[in-house]
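Peer 1:
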Amino acid sequence: MAEIRIENLVKQFGGFAAVRGTSFTIADGEFFCLLGPSGCGKTTTLRMIAGLELPTSGTISLGGEDVTFRRARERDIAMVFQLFALYPHMNVRRNIAFPLVSMGVPKAEIKRRVEEAARILRIDHLIDRPVSGLSSGDRQRVALGRAIVREPKAFLMDEPLGALDAEFRHIMCGELRALHDRLKATTVFVTHDQLEAMSMADKIAVMNRGVVEQLGTPQEIYDRPASMFVADFIGSPAMNFIRFEGRLAAGASSVRIDGAEIGVPQLREDAGANELVLGVRPEQVTLTAEGGLRGEVFGAEYLGTTQIITITTAHGMVKARAPAAVRVARAEPVGLSFRADRLSLFDAASGRAIRTALYEQPARGGRHG
Amino acid sequence: MTGLVSAHSVVDPSPLTKRIAAIVVIAYALITLVPLLWIVMTGFKSPSDAIAYPPKLVAEPTLEGYCNLFTTRSRQAPEYMAKLPPASGLCDRISRDRNMVIAGPSNYIPRYVNSLVIAFGSTALSVVLGTLAAYAFSRFKVPLKDDLMFFILSTRMMPPIAVAIPIYLMYRELGLSDTKLGMILLYTSVNISLAVWLLKGFMDEIPREYEDAAMVDGYTRLQAFFKVVLPQATTGIVATAIFCLIFAWNEYAFAVLLTSGTAQTAPPFIPIIIGEGGQDWPAVAAGTTLFLIPIVVFTVLLRKHLLRGITFGAVRK
Numbered sequence: 001m002a003e004i005r006i007e008n009l010v011k012q013f014g015g016f017a018a019v020r021g022t023s024f025t026i027a028d029g030e031f032f033c034l035l036g037p038s039g040c041g042k043t044t045t046l047r048m049i050a051g052l053e054l055p056t057s058g059t060i061s062l063g064g065e066d067v068t069f070r071r072a073r074e075r076d077i078a079m080v081f082q083l084f085a086l087y088p089h090m091n092v093r094r095n096i097a098f099p100l101v102s103m104g105v106p107k108a109e110i111k112r113r114v115e116e117a118a119r120i121l122r123i124d125h126l127i128d129r130p131v132s133g134l135s136s137g138d139r140q141r142v143a144l145g146r147a148i149v150r151e152p153k154a155f156l157m158d159e160p161l162g163a164l165d166a167e168f169r170h171i172m173c174g175e176l177r178a179l180h181d182r183l184k185a186t187t188v189f190v191t192h193d194q195l196e197a198m199s200m201a202d203k204i205a206v207m208n209r210g211v212v213e214q215l216g217t218p219q220e221i222y223d224r225p226a227s228m229f230v231a232d233f234i235g236s237p238a239m240n241f242i243r244f245e246g247r248l249a250a251g252a253s254s255v256r257i258d259g260a261e262i263g264v265p266q267l268r269e270d271a272g273a274n275e276l277v278l279g280v281r282p283e284q285v286t287l288t289a290e291g292g293l294r295g296e297v298f299g300a301e302y303l304g305t306t307q308i309i310t311i312t313t314a315h316g317m318v319k320a321r322a323p324a325a326v327r328v329a330r331a332e333p334v335g336l337s338f339r340a341d342r343l344s345l346f347d348a349a350s351g352r353a354i355r356t357a358l359y360e361q362p363a364r365g366g367r368h369g
Numbered sequence: 370m371t372g373l374v375s376a377h378s379v380v381d382p383s384p385l386t387k388r389i390a391a392i393v394v395i396a397y398a399l400i401t402l403v404p405l406l407w408i409v410m411t412g413f414k415s416p417s418d419a420i421a422y423p424p425k426l427v428a429e430p431t432l433e434g435y436c437n438l439f440t441t442r443s444r445q446a447p448e449y450m451a452k453l454p455p456a457s458g459l460c461d462r463i464s465r466d467r468n469m470v471i472a473g474p475s476n477y478i479p480r481y482v483n484s485l486v487i488a489f490g491s492t493a494l495s496v497v498l499g500t501l502a503a504y505a506f507s508r509f510k511v512p513l514k515d516d517l518m519f520f521i522l523s524t525r526m527m528p529p530i531a532v533a534i535p536i537y538l539m540y541r542e543l544g545l546s547d548t549k550l551g552m553i554l555l556y557t558s559v560n561i562s563l564a565v566w567l568l569k570g571f572m573d574e575i576p577r578e579y580e581d582a583a584m585v586d587g588y589t590r591l592q593a594f595f596k597v598v599l600p601q602a603t604t605g606i607v608a609t610a611i612f613c614l615i616f617a618w619n620e621y622a623f624a625v626l627l628t629s630g631t632a633q634t635a636p637p638f639i640p641i642i643i644g645e646g647g648q649d650w651p652a653v654a655a656g657t658t659l660f661l662i663p664i665v666v667f668t669v670l671l672r673k674h675l676l677r678g679i680t681f682g683a684v685r686k
């Protein structure tokens, strides 16, 4: 297992820059997630780590060794593809054994290791079956088996759960994380699904248009988004953006919107040369009679334990997450109050987060240990 | 089942539809198979029965046509015939009945062997070159890719025989006239465009992820090509090979023009088998019957590859 270090990675396809100066380090044994919408450069980044694409500039090092221009087969990494890429003319055993065969591992050793990998993934009963008859979940396990059988320096996974149906995806998320905890292998996981990323990753890099917008633990990314893009991309429903004008000096701890005084984490820089945006997660909104910002109820979506209430305000729609027991009627006038210490402020033009006391708080307790 | 039946229904067709379909299929089979059957039957007729008018549907079967196909014979005086030792085999006996003795083997077998060598040789070469070219066109950034593909296709835009004269002159200069190598190269150059275009279609269908996976798994691109791409392209390669073989095996015009002796193939040889008093029709029919066998065997043997969707279900699309 090894640390992966990416420095100033750039990839141009003709005139199009797929990846523009990406840098990050993945610690040994970390479960690292590249998250972003399609076309953001996450898969290209992964393919460069794998050696399937060569970068235009920048360096990639694997366990301290510069592998930037080394061929895929010389990098000692394993990759799981979105469509599994199981060789259809081979059975399960030969699929899993395929990387070992290229390494010239003796036959008896191959047999032992293939069977061990199959046992870990609980597909040992399928081992002599052709891959074409397998369910998508079992195919996924065979693809994982082919990756783990070699004990490589790192695992790269390109949307490995994308081809599974929703229910099974949830199960595989758990299995993948459990497998990672057991093998302690450095893993790079590419996905556009925030739930997958949030539930599995130790660290997430949120990518957009070829650059990493934010790098951090799932909690950091959720609680302290570095840009409007990240704030919008993570969380369901997405963060509410309330646009307003106003000049704020460093040290200010409230903003004025429509005459209502709304408390925010204390500012650490001047802001307000451009339009500003107040970022509020739905769970940070409470419906109160005395709330400063006024609006009226537009509708509610019932979700079992909670509900999402949509409120029309003079600054657009605001979604609030409220306990399911709260009763609201359509067109009912309500006041909104926000949880001051958790709100984000952004510069509307650049989309960048404005430095506030929020970014100095320690992150909430980590989940994965 | 009594359910909804629409124009696009996939339920069983009605008995009437089935009957009409059966009649059409049987009629078509008769139209195409009767000439073949006639050729096979003619091969077993005597020369006089073969040209009898009105045609004889039933004739006493004889192997004379096959004997004449494989031998050359000479007519001898009855006194000479009487002095000969007893006939040693079936063909010997048949020719003695006609006051002839077998002078030696005919050229049919060497011509047949030429056909085998040239047809299979050019098919193999077309498929090997076509597979490699198709893979390159499918996977790599080839400069002027579309123009090259069009150029390759354009060689098919007129009948090959239209360039027969230039080729004849070229071959004479190059010393390729009447050589097996010359014919193999010629048929390959005609077939290669078909092979590249057909195989590129099949290669495009094979997801690149397989090669990516193999290369990450420690293989070179060439190894990945042989171990992962080729096995999945089998269906396409077999189909292409059958098409190439049928063309090269049946080709007549270039064979007449460019071969006369050592490299002559069976198609120009068979129709000119001369017996006493002109064309030896039973021998021609026998030669044709035997000539059909390899292509039928080849197609039947590889039929299951044509039908088997080898990659079905292995990758979700």
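Residue numbers (this note's numbering), protein chains in the order written: chain A, 1 to 369; chain B, 370 to 686.
A virtual CB, placed ideally from N, CA and C, is assigned to each residue, including glycine.
(1) Going by DSSP, what residues sit across from Gln648/B in a beta bridge?
(2) Leaving out the 5 sequence neighbours to the left and right, which residues in its chain are closer than 8 Å to Gly17/A when beta-carbon positions are compared?
(3) Any beta carbon of chain B sitting closer than 8 Å to that of Arg367/A?
(4) I'd like the list of long-range same chain contacts for Gly551/B, defined as Cβ closer than 6 Å, with 5 residues on each side in sequence excluded.
(5) Along the chain, where does the alpha helix (DSSP H) containing Asn560/B start, and where does it finish?
(6) Using 8 Å as the limit for Cβ to Cβ distance, is Glu542/B near chain A?
(7) If you compare alpha carbons, which of Met317/A, Pro282/A, Glu7/A, Leu278/A is closest to Val297/A?
(8) Take Arg577/B as the anchor and find which of Trp566/B, Asn483/B, Val597/B has the nearest alpha-carbon.
(9) Return the CA-CA distance between Ser491/B and Pro430/B, expressed in angstroms with no decimal places.
(10) Kindly indicate which three-state DSSP category Phe241/A falls into: helix, strand or coil?
(11) Cβ of Ala602/B less than 8 Å from any chain A Cβ?
(12) Does the CB of Tyr579/B have a neighbour CB from chain A at under 8 Å?
(13) Counting only C-beta atoms, is His192/A closer than 8 Å to chain B at any point?
(14) For Gly434/B, which of helix, strand or coil comes out of DSSP?
(15) For Val585/B and chain A, any beta-carbon pair shorter than 8 Å?
(16) Determine which residues of the segment 49-81 of chain A have a Cβ less than 7 Å from any Cβ of chain B, and write them out in chain order.
(17) Would you please verify whether the beta carbon of Met582/B is less than 8 Å from any beta carbon of chain A?
(18) Is it buried or exposed for Met103/A, if we count other Cβ within 10 angstroms and need 16 for buried?
(19) With a CB to CB cut of under 8 Å and the five nearest residues on each side skipped, what residues in its chain are close to Ala635/B?
(20) Enumerate in chain order the residues of its own chain whose CB-to-CB distance from Ala250/A is below 8 Å, with the five nearest sequence positions on each side excluded.
(21) Which residue wins for smallest C-alpha separation from Ile553/B, given the options Ala632/B, Leu671/B, Val409/B, Val403/B?
(22) In the DSSP assignment, the beta strand (DSSP E) including Asn208/A goes from what residue to what residue?
(23) Helix, strand or coil, according to DSSP, for Pro333/A in the structure here?
(24) Nearest-angstrom Cα distance between Tyr537/B and Leu626/B?
(25) Which residues in the same chain have their Cβ closer than 7 Å to the Cβ of Arg224/A, if we skip the five residues on either side of it in sequence?
(26) Residues in the same chain with beta-carbon distance under 6 Å from Gly605/B, minus the five sequence neighbours each way, listed in chain order, please.
(27) Taking Cβ to Cβ, would you say Ala185/A is nearer than 8 Å to Thr191/A?
(28) Which residues of chain A have a Cβ atom closer than 7 Å to the Cβ of Val597/B, listed in chain order?
(29) Just to confirm the assignment, what range does the beta strand (DSSP E) spanning Cys33/A have?
(30) So, helix, strand or coil for Arg122/A, using DSSP?
(31) Could you give the distance in angstroms between the alpha-carbon of Val80/A and the alpha-carbon of Val326/A?
(32) Can the beta-carbon of Leu121/A be found closer than 8 Å to that of Gly145/A?
(33) Using a Cβ cut-off of 8 Å (strictly closer), state whether Ser135/A contacts chain B.
(34) So for Gly473/B, helix, strand or coil by DSSP?
(35) Near Asp232/A, what residues of its chain come up, given a Cβ to Cβ distance below 7 Å and the 5 sequence neighbours on each side ignored?
(36) When the distance is taken between beta carbons, is Val486/B closer than 8 Å to Ala610/B?
Peer 2: Answer, in terms of the structure:
(1) Ile643/B
(2) Looking at the sequence shown, residue 17/A is not Gly but Ala. Correct list, in chain order: Val10, Lys11, Gly210.
(3) Because Arg367/A carries a pLDDT of 44, less than 50, the predicted location of this residue cannot be relied on, and the following value inherits that uncertainty. It does not; no Cβ of chain B falls within 8 Å.
(4) Tyr540, Leu545
(5) 549-574 is the extent of the alpha helix (DSSP H) around Asn560/B.
(6) Among the CB atoms of chain A, none fall inside 8 Å of the CB of Glu542/B.
(7) Met317/A
(8) Val597/B
(9) 38 Å
(10) strand
(11) no
(12) yes
(13) Taking Cβ atoms only, chain B never reaches closer than 8 Å to His192/A, which makes this a no.
(14) helix
(15) yes
(16) Ala50, Leu52, Ala72, Arg73, Ile77, Ala78, Met79, Phe81
(17) Note on residue identity: the sequence assigns Ala, not Met, to residue 582/B. For Ala582/B, a Cβ of chain A is located within less than 8 Å of the residue's own Cβ.
(18) exposed
(19) Tyr477, Arg480, Tyr481, Asn483, Ser484, Gly656, Phe660
(20) Leu267, Arg268, Glu269, Asp270
(21) Ala632/B
(22) 203-208
(23) Strand.
(24) 7 Å
(25) Leu358, Tyr359
(26) Leu568, Phe571
(27) no
(28) Within chain A, the residues near Val597/B are Tyr87.
(29) Looking at the DSSP string, the run of the beta strand (DSSP E) that includes Cys33/A is 31-35.
(30) coil
(31) 46 Å
(32) Their beta carbons are under 8 Å apart, which means Leu121/A touches Gly145/A by this criterion.
(33) Put simply, the CB of Ser135/A is far from chain B, with every gap to its CB atoms at 8 Å or more.
(34) strand
(35) Ala238, Met239
(36) Not in contact: Ala610/B and Val486/B (Cβ atoms no closer than 8 Å).
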